[in-house]
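Asks: When we follow UniProt numbering, the leftmost residue of the sequence shown carries the number 1, and every step to the right adds one.
A virtual CB, placed ideally from N, CA and C, is assigned to each residue, including glycine.
From a predicted model like this one, the values you see are computed outputs, not experimental measurements.
Once you've had a glance at the structure underneath, I'll fire off some questions.
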Amino acid sequence: MATKKYSSYAQINNELEILKLEKEIHYRKIINSVQKTKDSFAPKNIVTDLISSSNSMLTGPYGVVLKMATPFILNKAIPFFKKWVSKKKRGN
Numbered sequence: 001m002a003t004k005k006y007s008s009y010a011q012i013n014n015e016l017e018i019l020k021l022e023k024e025i026h027y028r029k030i031i032n033s034v035q036k037t038k039d040s041f042a043p044k045n046i047v048t049d050l051i052s053s054s055n056s057m058l059t060g061p062y063g064v065v066l067k068m069a070t071p072f073i074l075n076k077a078i079p080f081f082k083k084w085v086s087k088k089k090r091g092n
């Protein structure tokens, strides 16, 4: 950055005010970015992102296969987990 030459204190004060405002803008951007990052880790947003990514996956080239396989997998998985949970409750 080239050094600036000022002819009056008013110019210096004006430049300092501009720098102060730029600093405040950058600080607010950082705070906003941190808040957005915090919000993205909220459970609601994680589920929303998961659903949207699964939707994008279902529209891709493997979407047809996944759409056809999902009911089959769920029909096999749900009874398996029910049986597994009931065994755990009985202590077996």
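1. From the DSSP output, in three-state form, read off residue 6 for me.
2. Looking at the secondary structure, which residues open and close the alpha helix (DSSP H) in which residue 61 lies?
3. Kindly give me the distance between the Cβ atoms of residue 45 and residue 39, rounded to whole angstroms, as I take these residues to be in contact under 8 Å.
4. Any idea what DSSP makes of residue 42, helix, strand or coil?
5. Please report the distance separating the alpha-carbon of residue 100 from that of residue 4.
Replies: With the given structure in hand:
1. coil
2. Taken as a continuous stretch (DSSP letters only), residue 61 belongs to no alpha helix (DSSP H), as it is neither H nor E.
3. 6 Å
4. coil
5. Residue 100 is absent from the model: the chain starts at 1 and stops at 92.
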